[in-house]
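Step one of this worksheet: look at the structure below.
There are 4 protein chains.
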Amino acid sequence: MNQDELAARVAHTMLADEGTGPAWGIVIEEARAGYARLAMTVRAEMLNGHRTAHGGMIFALADTAFAYVCNGGNVRTVAAQASIVFLGSVAEGERLVAEAQELASAARNGVTRVAVRTAEGRPVAEFTGYSRSIGGAVVDV
Amino acid sequence: MNQDELAARVAHTMLADEGTGPAWGIVIEEARAGYARLAMTVRAEMLNGHRTAHGGMIFALADTAFAYVCNGGNVRTVAAQASIVFLGSVAEGERLVAEAQELASAARNGVTRVAVRTAEGRPVAEFTGYSRSIGGAVVDV
Amino acid sequence: MNQDELAARVAHTMLADEGTGPAWGIVIEEARAGYARLAMTVRAEMLNGHRTAHGGMIFALADTAFAYVCNGGNVRTVAAQASIVFLGSVAEGERLVAEAQELASAARNGVTRVAVRTAEGRPVAEFTGYSRSIGGAVVDV
Amino acid sequence: MNQDELAARVAHTMLADEGTGPAWGIVIEEARAGYARLAMTVRAEMLNGHRTAHGGMIFALADTAFAYVCNGGNVRTVAAQASIVFLGSVAEGERLVAEAQELASAARNGVTRVAVRTAEGRPVAEFTGYSRSIGGAVVDV
């Protein structure tokens, strides 16, 4: 199993094991070392009072992609901090795509960028996640 | 209706109108001008693969409290950016309390702090939200 | 020496030992456990091309106050991450006051808020710093 | 003058007009549309009490690169918010390189990433800046 296959296996295992991803209808479009792309369709229970996607759900999608990427080397890693800029609103039924890429790492720390766009490519949010490895494996290999 | 009553009415209206708060079981414990305190119990579908509350749900709770506070003056206001530091993990069944307080405002910009703790007071996350007013009323008065 | 005296001694030692604080004319107005208030006057070499205080200098002042607070318990502590919202511009000759307060801590992690205002109280920036203790003493006691 | 030439002219004009860049010894290595790379050597007056580069100066360098990039289209643009993760320390005399790239933009909002590394490529910090255009030209064309 090479690094890309390992990262894909970690991502799919995490999605299967968590309560959130399946509840939100998250789909892994691609996962490889240092990269993941997820999709999620905005449903009625994800809307704020203005009838657009709640910022919390946009963050949650990005945070999920971030988690898959920073655990992709099969070392258990947690989010220490994250920051998000909101760039556009999203209506019910629109499909969101979150594209996560590791930007840098040093010792046990890593930084991952996640761009959230609609399926048509309209910018929705830019997320930056800061992770710390805590040791232990995510999947048995 | 004074400023505290107006802020409370905005918060309760927003909760009633949105898809997310009711779906997540969010309860408003207190809402007044510049302040809101919400509670939410962590459920199975809010857990990550480590069986602790997903960071996205912790953010979503904080972001909800932030939204109620920055709209509390009954001027429609949106999140422009937010940042979160994760300080502790939370198990299924634990109750989270998010306490939001406006720190500063200038022109149409505002900054709100949200402390997320367990009901017992254990620190879970610190959130800082940056909002911009876009005009228009949230509730009819 | 009580906790407040220790924190003050740490702050004054850090200011004396660093290259930056003296170069920028930073003055400690107050330092006690979990709190510090610093002042700095904006000089010509701190201005951006619009002739207002450069955001980097506003951050640097806030970051300095953050460092004094998170080291105040005399355990060496470093900045892991920081976030700043800019709320207003500042002219040459204006005096900036940075007021730092620890918001939360858990294990070796801490979160400190710094409000930057002019001496007249006009909001300039809100800073949130995330620190990690690395062990060892800052001052001999 | 094409977009890359315009962006370069804006960057060089901003550096010439500001107090900070010349005071800090900042050099523009490259500037084109959506991109800038700056360098700065760490001097004694940029050190903290641990004798490593002060986080405020690392931020200031990144913030400068961010400003050149987000103004590069010759529409006056200011920093609304910024976030930084610190990944490694830097000694006196080391040369820092800040590489800034615009990640996304929508309406008057933009997001720019700045990677700060040593000249040898060691990661020092990852910066994310959120900008807003306020209108007006930076340089006469």
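Which chain is which? The protein sequence lines are Y, D, R and U, in order.
Heads up: the first sequence at position 14 corresponds to 14 in my numbering, and the numbers run straight through without jumps.
Heads up: the second sequence at position 50 corresponds to 1050 in my numbering, and the numbers run straight through without jumps.
Heads up: the third sequence at position 51 corresponds to 2051 in my numbering, and the numbers run straight through without jumps.
Heads up: the fourth sequence at position 9 corresponds to 3009 in my numbering, and the numbers run straight through without jumps.
Built from N, CA and C at the ideal position, the CB exists for glycine as well.
(1) Excluding the 5 residues flanking residue 8 (chain Y) on each side, which residues of the same chain have their C-beta closer than 7 angstroms to its C-beta?
(2) Note down, in chain order, every chain D residue with its Cβ under 8 angstroms from the Cβ of residue 2111 (chain R).
(3) Within 10 angstroms of the Cβ of residue 3 (chain Y), are there 16 or more other Cβ atoms? Answer buried if so, exposed if not.
(4) Can you tell me which of D:1061, D:1077, D:1016 and D:1073 puts its alpha carbon nearest to the alpha carbon of residue 1005 (chain D)?
(5) So with CB distances below 9 angstroms, who are the chain D contacts of residue 57 (chain Y)?
(6) Which full runs of the alpha helix (DSSP H) of 4+ residues lie inside the stretch 47 to 77 of chain Y, going along the chain?
(7) Compare the C-beta of residue 1101 (chain D) against all C-beta atoms of chain Y and say whether one is closer than 8 angstroms.
(8) Taking the C-alpha atoms as reference points, what is the distance between residue 3125 (chain U) and residue 3115 (chain U)?
(9) Can you give the Cα-Cα distance for residue 949 (chain D) and residue 1127 (chain D), rounded to whole angstroms?
(10) Determine the closest residue to residue 2112 (chain R) out of D:1084, D:1098 and D:1092, with distance taken between C-alpha atoms.
(11) Taking 8 angstroms as the threshold (beta carbon to beta carbon), is residue 1130 (chain D) in contact with chain R?
(12) Between the Cα of residue 101 (chain Y) and the Cα atoms of Y:131, Y:51, Y:52 and Y:80, which residue gives the shortest distance?
(13) Cβ of residue 3062 (chain U) within 8 angstroms of Cβ of residue 3095 (chain U)?
(14) Look up residue 3003 (chain U) in the DSSP assignment and give the residues it is bridged to.
(15) Leaving aside the five residues before and after residue 1029 (chain D) along the sequence, list all residues of the same chain whose C-beta is less than 8 angstroms from its C-beta, in chain order.
(16) Return the first residue and the last residue of the beta strand (DSSP E) that residue 2129 (chain R) is part of.
(17) For residue 3136 (chain U), which residues from the same chain have a beta carbon less than 6 angstroms from its beta carbon, with the 5 sequence-adjacent residues on both sides left out?
(18) Alpha carbon to alpha carbon, how far is residue 1129 (chain D) from residue 1066 (chain D)? Give it in angstroms, no decimals.
(19) For residue 2024 (chain R), which of R:2123, R:2138, R:2121 and R:2047 has the nearest alpha-carbon?
(20) For residue 1108 (chain D), count neighbouring C-beta atoms within 10 Å of its own C-beta (all shown protein chains included) and say buried if the count is 16 or more, exposed if not.
(21) Rounded to a whole number of angstroms, what is the C-alpha to C-alpha distance between residue 41 (chain Y) and residue 1027 (chain D)?
(22) For residue 22 (chain Y), is the classification buried or exposed, using 16 other Cβ atoms within 10 angstroms of its Cβ as the cut-off for buried?
(23) Please list the terminal residues of the continuous alpha helix (DSSP H) segment that includes residue 1021 (chain D).
(24) Can you round the beta-carbon distance between residue 2060 (chain R) and residue 1123 (chain D) to whole angstroms, since I take them to be within the 8 angstroms contact cut?
(25) Look at residue 3044 (chain U) and residue 88 (chain Y) and say whether their C-beta atoms are less than 8 angstroms apart.
(26) Along chain D, in chain order, which residues have C-beta atoms closer than 9 angstroms to that of residue 3003 (chain U)?
(27) Less than 8 angstroms separating the beta-carbons of residue 2140 (chain R) and residue 3049 (chain U)?
(28) Given that residue 2011 (chain R) touches chain D, what residues does it touch there, using C-beta distances under 9 angstroms?
(29) Would a check of beta-carbon distances place residue 3080 (chain U) closer than 8 angstroms to chain D?
(30) I'd like to know whether the C-beta of residue 3106 (chain U) is nearer than 8 angstroms to at least one C-beta of chain Y.
(31) Tell me the DSSP secondary structure of residue 3016 (chain U) in three-state form.
(32) Anyone know if the C-beta pair for residue 3070 (chain U) and residue 3110 (chain U) falls short of 8 angstroms?
(33) Spell out whether any CB of chain D is found under 8 angstroms from the CB atom of residue 2044 (chain R).
(34) Answer yes or no: does any C-beta atom of chain U fall closer than 8 angstroms to that of residue 2008 (chain R)?
(35) Quick one: is residue 3137 (chain U) near chain Y, going by C-beta distance under 8 angstroms?
With the structure as the only source:
(1) 31 and 32
(2) 1085, 1087 and 1126
(3) exposed
(4) D:1073
(5) 1020, 1056 and 1060
(6) 55 to 70
(7) no
(8) 6 angstroms
(9) An answer regarding residue 949 (chain D) cannot be provided, because it is not within the stretch 1001 to 1141 covered by chain D.
(10) D:1084
(11) yes
(12) Y:131
(13) no
(14) Partner(s): none; residue 3003 (chain U) has no beta bridge.
(15) 1037, 1038, 1039 and 1097
(16) 2123 to 2133
(17) 3076
(18) 7 angstroms
(19) R:2047
(20) exposed
(21) 26 angstroms
(22) exposed
(23) 1020 to 1024
(24) The pair is not a contact, with the Cβ atoms about 28 angstroms apart (cut-off 8 angstroms).
(25) no
(26) Simply none; closest approach about 27 angstroms.
(27) no
(28) Within 9 angstroms Cβ-Cβ: nothing; residue 2011 (chain R) doesn't reach chain D, min ~22 angstroms.
(29) yes
(30) yes
(31) helix
(32) yes
(33) no
(34) no
(35) no
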